[in-house]
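Each protein sequence line maps, in turn, to chains A and B.
Counting along the first sequence from 1, when you hit position 20 you're at 19 in numbering that gives the first Met the number 0, and nothing is skipped either side.
Counting along the second sequence from 1, when you hit position 76 you're at 75 in numbering that gives the first Met the number 0, and nothing is skipped either side.
In what follows, a structure is listed as structure tokens, so that the remarks can point back to it.
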Amino acid sequence: MKFKKNLLAAMLLIPTVVLADWQQPELSHDLTKVNKVIPAADFELPNMDEEKKKLSDYKGKVVLLNFWATWCPPCVREMPSMERLHQQFDADNFKVIAINQMEDSDQVFAFTGQLEIDPTFEILFDSSSEVSQDYAVRGLPTTYLIDKKGKIRYRAIGGREFNHPEVVKVINSLIEE
Amino acid sequence: MIVKFLQVLTLLFLSAAASAGEVSVHKNETTGLLTWTVKDNGFTLELIQLLPDFIRAIYAKHNFPPDEIERAASYCMFGSILKNTSKTNMSYRVADWRYVPKNQKGEAGEALPVKTKTQWLEEWKKAGIIFSWTLLPDSGDFAVGDWQQGFTTIKLPRESEFDLIYKWKLDGVAHTGTIENLKCAPESLSDL
Numbered sequence: 000m001k002f003k004k005n006l007l008a009a010m011l012l013i014p015t016v017v018l019a020d021w022q023q024p025e026l027s028h029d030l031t032k033v034n035k036v037i038p039a040a041d042f043e044l045p046n047m048d049e050e051k052k053k054l055s056d057y058k059g060k061v062v063l064l065n066f067w068a069t070w071c072p073p074c075v076r077e078m079p080s081m082e083r084l085h086q087q088f089d090a091d092n093f094k095v096i097a098i099n100q101m102e103d104s105d106q107v108f109a110f111t112g113q114l115e116i117d118p119t120f121e122i123l124f125d126s127s128s129e130v131s132q133d134y135a136v137r138g139l140p141t142t143y144l145i146d147k148k149g150k151i152r153y154r155a156i157g158g159r160e161f162n163h164p165e166v167v168k169v170i171n172s173l174i175e176e
Numbered sequence: 000m001i002v003k004f005l006q007v008l009t010l011l012f013l014s015a016a017a018s019a020g021e022v023s024v025h026k027n028e029t030t031g032l033l034t035w036t037v038k039d040n041g042f043t044l045e046l047i048q049l050l051p052d053f054i055r056a057i058y059a060k061h062n063f064p065p066d067e068i069e070r071a072a073s074y075c076m077f078g079s080i081l082k083n084t085s086k087t088n089m090s091y092r093v094a095d096w097r098y099v100p101k102n103q104k105g106e107a108g109e110a111l112p113v114k115t116k117t118q119w120l121e122e123w124k125k126a127g128i129i130f131s132w133t134l135l136p137d138s139g140d141f142a143v144g145d146w147q148q149g150f151t152t153i154k155l156p157r158e159s160e161f162d163l164i165y166k167w168k169l170d171g172v173a174h175t176g177t178i179e180n181l182k183c184a185p186e187s188l189s190d191l
């Protein structure tokens, strides 16, 4: 009983206090050009409305593919910048896809309601982390920038300020190719 | 006798190879928990004391069985943030890192390997757990600006003191550093 009480208190209070320390690092905007350009593996995953979406559905558009989870502090921090980036571009040219790891739509719905900006980009659910394994994701967040031909061109490990002018410039250059 | 001699020789070698990283310690005014930050030649590592109840809360949220929650909480855990702060490529492997426990007199013991994420995942798989996140990835190849975070786990009792010997590579060149006198978190905030 005491254990359960302590655990409940910990679940409610301690993560907030400790996570405050975890949120210190400033977000950079560096994207790394990949040495070897390879096709991005196709996948089919459900979105918030349980509709199945494929990466190949977005061929012809530049795609920012982000792997994340609600409990991951840098993922949470970079999310508003992803939304601002998403809103900055024409939907015919650019798409943001955020692939959630091992959570469900209820958890994500509750989480997005607390964000400063409500995400309007596509959120997909990788419930068994199979897609993240296909993309060799070792930690969250990890992000790939995919060109119009469906090839991985840039990557970022760790949180980023995605609506930084340097990132926008890179995306514009991929759109113009 | 020979084994002891080799142990002493190893420690002397490690001390000699250790770089002089800039280490700072920060005390959280609200919790009293400590954070160590080392900045060492393009490698920046932050280690944040984590309370056992925090670990219990995290793994309970991910539906771990109670015995696995307790097993994880029995470890000395740190939230770790590892950053490439160089202008070139940086890589690390947790399997190369060692911790050196200290007794109450501050005397160093044998250097022991830090448990890796892969080792945890193998154990969790046997317990039917497929959740694979939260722990610091075993290795990383970081470009400029890349960083990662996750738990670092040390098999030591609460409030134990130890040194951490960390290794990394900058453009393929190996480096070694040590953070001295790290301390595991207490059982609860009231113990601080």
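Cβ atoms here follow ideal geometry from the backbone N, Cα and C, with glycine treated the same way.
Predicted, not measured: the structure shown is a model, and the values here were computed from it.
Spanning the alpha carbons of residue 54 of chain A and residue 79 of chain A requires a straight line of approximately 22 Å. Taken in chain order, the unbroken stretches of alpha helix (DSSP H) that lie wholly in the segment 13-63 of chain B and span 4 residues or more are 51-60. Leaving aside the five residues that flank residue 116 of chain A on each side, the residues in its chain whose CB is nearer than 6 Å to its CB run, in chain order, 79 and 82.
Non-local C-beta neighbours of residue 152 of chain B in its own chain, meaning closer than 6 Å and more than five positions away in sequence, comprise 74, 76 and 114, ordered along the chain.
Taking C-beta separations shorter than 7 Å and ignoring five residues to either side along the sequence, the partners of residue 186 of chain B in its chain run 51 and 157, following chain order.
Residue 153 of chain A and residue 140 of chain B have their C-alpha atoms some 14 Å from each other. Contact holds between the segment 79-94 of chain B and the segment 161-171 of chain B, because three or more Cβ pairs, one in each stretch, are under 8 Å apart. Within chain A, the residues 100, 101, 128, 131 and 132 have their CB atoms less than 9 Å from the CB of residue 131 of chain B, given in chain order. What residue 31 of chain A touches in chain B, judged by beta-carbon distance under 8 Å, is 142, 143, 144 and 145, going in chain order. Minimum Cα-Cα distance from residue 172 of chain B among the listed residues B/179, B/123 and B/41 corresponds to B/41.
Residue pairing by DSSP puts residue 125 of chain A in a beta bridge opposite A/100. For the segment 75-88 of chain A, no residue has a beta-carbon sitting nearer than 8 Å to a beta-carbon of chain B.
With a threshold of 8 Å between beta carbons, residue 148 of chain B makes contact with chain A. For the pair residue 122 of chain A and residue 30 of chain B, the Cα-to-Cα distance works out to about 35 Å.
For the set B/69, B/182 and B/125, the Cα lying nearest the Cα of residue 25 of chain B is the one of B/182. Annotation: residue 71 of chain A to residue 140 of chain A spans about 8 Å, alpha carbon to alpha carbon. DSSP, reduced to helix, strand and coil, places residue 87 of chain B outside both helices and strands of the structure shown, so it counts as coil. Residue contact check for residue 185 of chain B against chain A: no CB pair falls below 8 Å. Within the segment 60-136 of chain B, the complete alpha helix (DSSP H) segments of 4 residues or longer fall at 65-72 and 116-125, listed in chain order. Residue 178 of chain B is positioned such that its CB atom lies no closer than 8 Å to that of residue 97 of chain B. Annotation: residue 92 of chain A is outside any beta strand (DSSP E) and is labelled neither H nor E by DSSP. Taking a Cβ-Cβ threshold of 7 Å, none of the residues of chain A is close to residue 64 of chain B; the smallest such distance is about 14 Å. In this model, residue 171 of chain A and residue 165 of chain A are separated by some 10 Å (Cα to Cα).
Assignment of residue 184 of chain B by DSSP, reduced to helix, strand and coil, places it in the coil class.
Taking residue 173 of chain A as the centre and dropping the five residues before and after it, the same chain places the C-beta of 61, 144, 146, 147 and 152 closer than 8 Å to its C-beta, in chain order. Taking the Cβ atoms as the reference, residue 131 of chain A lies roughly 18 Å from residue 47 of chain A, outside the contact range of under 8 Å.
Closest by C-alpha distance to residue 167 of chain A, out of A/92, A/59, A/74 and A/44, is A/92. Rounded to the nearest whole angstrom, the C-alpha separation of residue 27 of chain B and residue 176 of chain A is 50 Å.
Residue range 72-87 is occupied by the alpha helix (DSSP H) that includes residue 82 of chain A. The beta carbon of residue 117 of chain B sits closer than 6 Å to those of 137, all from its chain and outside the five residues before and after it, given in chain order. Comparing alpha-carbon positions, the option among A/88, A/66 and A/127 lying closest to residue 101 of chain A turns out to be A/127. Where residue 164 of chain A is concerned, the enclosing alpha helix (DSSP H) starts and stops at 164-175. Below the 8 Å Cβ cutoff, chain B contributes no neighbours of residue 97 of chain A, its closest Cβ being approximately 15 Å away. Residue 68 of chain A reaches chain B at 132, counting residues in chain order whose Cβ is nearer than 8 Å. Residue pairing by DSSP leaves residue 110 of chain A without any beta bridge partner.
For the options A/68, A/97, A/28 and A/169, the alpha carbon positioned closest to that of residue 60 of chain B is the one of A/68.
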